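K.L.:
Got a structure here, written out as structure tokens. Questions coming.
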Amino acid sequence: MIKYLLLILIAPLLLLSASCSTQETSKVGNDPALEAKARETLAKLFQSTPKAKDIQYQAKAVLVFPNLIKAGFVVGAQAGDGVMFASDGKVLGYYNASALSYGLQAGVQEFSEAIFLMNDNARKYLDSVDGWSVGIGPSIVVVDEGVARSLTTTTLQSDVYAFLFHQEGLMAGMGMQGQKITKISR
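Numbering-wise, the sequence shown is residues -22 to -1, 1 to 164 according to mature numbering (1 follows the signal peptide of the UniProt record, and there is no 0).
Have a look at this one:
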């Protein structure tokens, strides 16, 4: 019990220090392990939510974060690395997602995220700014099961569609949070 309490108290501080670093934390090159995990994660999304495949056919790129970790106790943090794929499957780059939150919250949760960039402007915006703060810039729709059922290829009008899936663990409470996505070198 004490170990879990310490984990909940210390994890946000560790994630905060990692996400606030001004230095690139990864080496130059590619990351075949992250790329393989991202492709596997995307395949699982398509299996569990077939409408996501329809969105991919029209997207210019998809940004996949196979393993985001969120932890908090009053102050929370989330972080993870991902890969952007072009519509033909080519790797366009590597990205880090991080977020801080504050509010009545406690727990640890692991999940995956796939962000479909529907047009060139959305893709270029992500690379043209020093990190994309979600909610600023291109319009984004977070897709749950209900929204996914109503999507058709003719109703796709937003710049960005995001799927959060494969959630494990428990994160309870309310808090304010903003996710920032930054390109990194690998």
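All C-beta atoms in this analysis are idealised placements derived from N, C-alpha and C, irrespective of residue type, glycine included. Predicted, not measured: the structure shown is a model, and the values here were computed from it.
(1) Would valine 42 pass as a contact of phenylalanine 63 if the rule is Cβ separation under 8 Å?
(2) Three-state secondary structure (DSSP) at asparagine 99?
(3) State the CB to CB distance for the pair alanine 39 and leucine 20, rounded to an integer number of angstroms; the pair is presumed to be in contact (CB under 8 Å).
(4) Please name the residue, chosen from Val52, Val138, Ser79, Lys22, that lies closest to leucine 104 on a Cα-to-Cα basis.
(5) For a test of the three-state rule: what should DSSP assign to serine 10, helix, strand or coil?
(6) Between the beta-carbon of glutamate 88 and the beta-carbon of alanine 140, is there less than 8 Å?
(7) With DSSP collapsed to three states, give me the class of aspartate 66.
(8) Cα separation between isoleucine 47 and glycine 54?
(9) Go through its chain and collect everything with a Cβ distance to glutamine 34's Cβ below 7 Å, but skip five positions before and after it.
(10) Run the proximity test for serine 79: is its beta-carbon closer than 7 Å to any non-hydrogen atom belonging to the ligand NAD?
P.N.:
Reading it off the structure:
(1) yes
(2) helix
(3) Not really, about 12 Å apart at Cβ, beyond 8 Å.
(4) Val138
(5) Residue identity differs from the one stated: residue 10 is proline in this sequence, not serine. Residue state, collapsed to three classes: helix.
(6) no
(7) coil
(8) 11 Å
(9) Val40, Phe94
(10) This structure does not include the ligand NAD; it has no bound ligands of any sort.
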